[in-house]
Amino acid sequence: MIGFLIIGIIILIGIIVVQIGKVSELAARIRGYKEVEQQSNNNQAVWCMVFMVLFLVLCIVSAIYYKNDMMGYGPHSSASEHGGSIDGLFNMTLFFTGIVFVLTHIALFWFAYKYRAREGGVGKFFVHSTNLEIVWTAVPAVVMVILVTQGLVVWNDVMPDVNPDDEYIEVEATGYQFAWDIRYPGPDGKLGTKHYQLIAPGTNPLGQDWTDPKNIDDFLPTDIVLPVNKKVRVRITAKDVLHNFYLPHFRVKMDAIPGLPTYFIFTPITTTEEYRERLSAYPEWQIPADPDDPSGPQRWEVFEYELACAELCGKGHYSMKRLVKIVSEEEYNTWLATQESFYKTNIRGTEDDPLGRLLDYEIEERTQELTTDFESALILDDPAEASIKLKNVFFETGSASLEDDSKYELNSLALLLSDYNDISIEISGHTDNTGDDQANQLLSEARAQAVFDHLVAQGIDGARLQAVGYGPNRPADVNDTVEGRQNNRRIEMRIISQNF
Ligand SMILES: [Cu+2]
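Just so we're aligned, residue 479 is where the sequence shown starts under this note's numbering, counting upward by one.
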């Protein structure tokens, strides 16, 4: 409806303009063309001057008005180390182009005013002016040289790759229609290899090669979290069309090209919290973030850095957003610790898994835990008081045959016993109280014996080991919950003698 009204109004205005034209034509016929034309030329010349002044004033006023929303001004000084030099370059370019902008507009409209058509006016005609040509060639050339040289200086400053001995975090960003996959290298600090033929939507979005150990700990987080004041190298690539990795607050912008990895190196210097603090001083940011909830948090309180795609890559282009969080080193490490590797959460144990074993760091963690338990028992006045649960020894249900995964814990225990070769231990089997007592008793004995046999097979002297079964008689937990019963079914060890 409103659309029709607007079209109607436009048609009416058109008719009015045509009618006014006809009226002035008639008036001209009455008064004489010359006089009307002169009057019209004078009017238009004055309007040109009015337009020029209004236009320039509007440009300057709006630039000042929106200053605090523009990168590089107000609260938006760069949040990265190199960003300042890019802002400087931008300001220098703006300075020169600003002068040209104002002067050419003044000249354009002033000439239209000054040299408007007049009765008997004749244009000055000249064929050639060497001086003029020198001036309009030399002045832009000098300005261009200044801008390009400065640009090169900044480019060389911003773009060099990392040195091999630099300390930096490498992160990978892969753009696709319409999102980013972010990959972190995990504890080994190295991103694993990929191959496009391994890409499988859902199960292997990046085509990681699971036989490469560097891939095993790589993780794909939702947000980009980075520690402040640490150099970051972003590997940038794309899976389908051109995208562009754009972090406006950090003055980072680099094309993501399928088949041609690019990179950008930057050092964030302002945490998200500090940036919010900065914004909080500006009235534009002291308004409710949600206009429908005036008592809710203010704009500055919910500010987040973001990653956007700056390439028009398709109809979902606008949705390629990821949050970027700059935090303290400490918070970063806490966050890192909560991230699970993609392999571990999505691949392990599936048919795509070529490995089927514990990861090195998990073995390391388990060994560490057992060693700590063992060594803290040793320093007790009576080490025999401490029962050490072998948390990672598992049996097949109802049987005394060890599951394959138990070997890691038992091998660690064997190593400990070789290190502390003056120690004898008791290995005890325990069950819950479900089922027949006699059967439970036998099962606990058989399981303790299985551990005994495994240790002997590892080269531990059987004389240092005692296998005992306690059946359900020494519960570690209650027997009326699933969890409690599970805690009761266990293998424990106890240091029973030590010959110093
Ligand atoms: Cu895109």
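All C-beta atoms, glycine included, are put in the ideal place defined by N, C-alpha and C.
With at least 16 other beta carbons inside 10 angstroms of its own, P950 counts as buried.
Taking each of A864, D882, Q936, E650 in turn and checking the Cα distance to L893, the smallest one comes out for Q936. Annotated as proximal: R972 and A862, with beta-carbon spacing under 8 Å. Excluding the 5 residues flanking it on each side, L848 has same chain C-beta neighbours closer than 6 Å at S890, in chain order. Here T652 is near L684, since their CB atoms are less than 8 Å apart.
Taking C-beta separations shorter than 6 Å and ignoring five residues to either side along the sequence, the partners of T689 in its chain run P832, following chain order.
For H560, the closest of V632, L572, Q916, V626 by C-alpha to C-alpha distance is V632. Contact between P775 and A767 holds, since their C-beta atoms are separated by about 5 Å, short of 8 Å. With a threshold of 16 other beta carbon atoms within 10 Å, P746 meets it and is buried.
Cβ-Cβ distances below 7 Å link R800 to W658, I660, D701, I702, E784, L785 in the same chain, with the five nearest sequence neighbours on each side left out; the list follows chain order.
Annotation for D666: K692, D695 place their beta carbon closer than 7 Å to its own, counting only its chain and skipping 5 residues before and after. Taking the CA atoms as reference points, Q686 sits about 39 Å from G876.
Put simply, the backbone Cα of I901 is about 50 Å away from that of K709. Within the same chain, R754, L757, S758, W763 come within 6 Å of W778 by CB-CB distance, once the 5 residues on both sides are set aside. For F574, the closest alpha carbon among the candidates G562, P618, Y543 is that of P618.
In this structure S975 is exposed. Its beta-carbon is surrounded by fewer than 16 other beta-carbon atoms within 10 angstroms. With distances taken between CA atoms, M732 lies nearest to E650 out of V613, Y593, E650. Beta-carbon to beta-carbon, F587 and F656 are separated by about 45 Å, too far to satisfy the 8 Å threshold. Using a Cβ distance threshold of 8 Å, A595 and N519 count as a contacting pair. Shown here for K803: same chain residues with a beta carbon closer than 6 Å to its own, the five before and five after excluded, namely D701, V703, T750 in chain order.
Of A855, Q846, S854, L858, the smallest CA-CA separation from L888 is found for Q846. Here S906 is buried: its Cβ has 16 or more other Cβ atoms, across all protein chains shown, within 10 Å.
Where T740 is concerned, the enclosing beta strand (DSSP E) starts and stops at 740 to 744. Here T909 is buried, its C-beta having at least 16 other C-beta atoms within 10 Å.
Here A734 is near I714, since their CB atoms are less than 8 Å apart. Relative to ligand 1, the nearest heavy atom lies less than 7 Å away from the CB of M798.
When secondary structure is reduced to three states using DSSP, V946 falls in the strand class. N722 has D733 as its beta-bridge partners, per DSSP. Looking at R826, N811, H727, A926, the one whose alpha-carbon comes closest to that of F781 is H727. The continuous stretches of alpha helix (DSSP H) do not include H908, which lies in the beta strand (DSSP E) extending over residues 901 to 908. Between I938 and Y886, the C-beta gap is not smaller than 8 Å, which leaves the two residues out of contact. Per DSSP, the beta-bridge partners of M971 are I866, I905. Separation of E503 and V600 (C-alpha to C-alpha, rounded to the nearest whole angstrom) is 26 Å. A residue is called buried when at least 16 other Cβ atoms come within 10 angstroms of its Cβ; L490 does not meet this threshold and is exposed. Distances from the CB of H721 to the heavy atoms of ligand 1 include at least one below 7 Å. Beta bridge pairing from DSSP links V712 with V649, F742.
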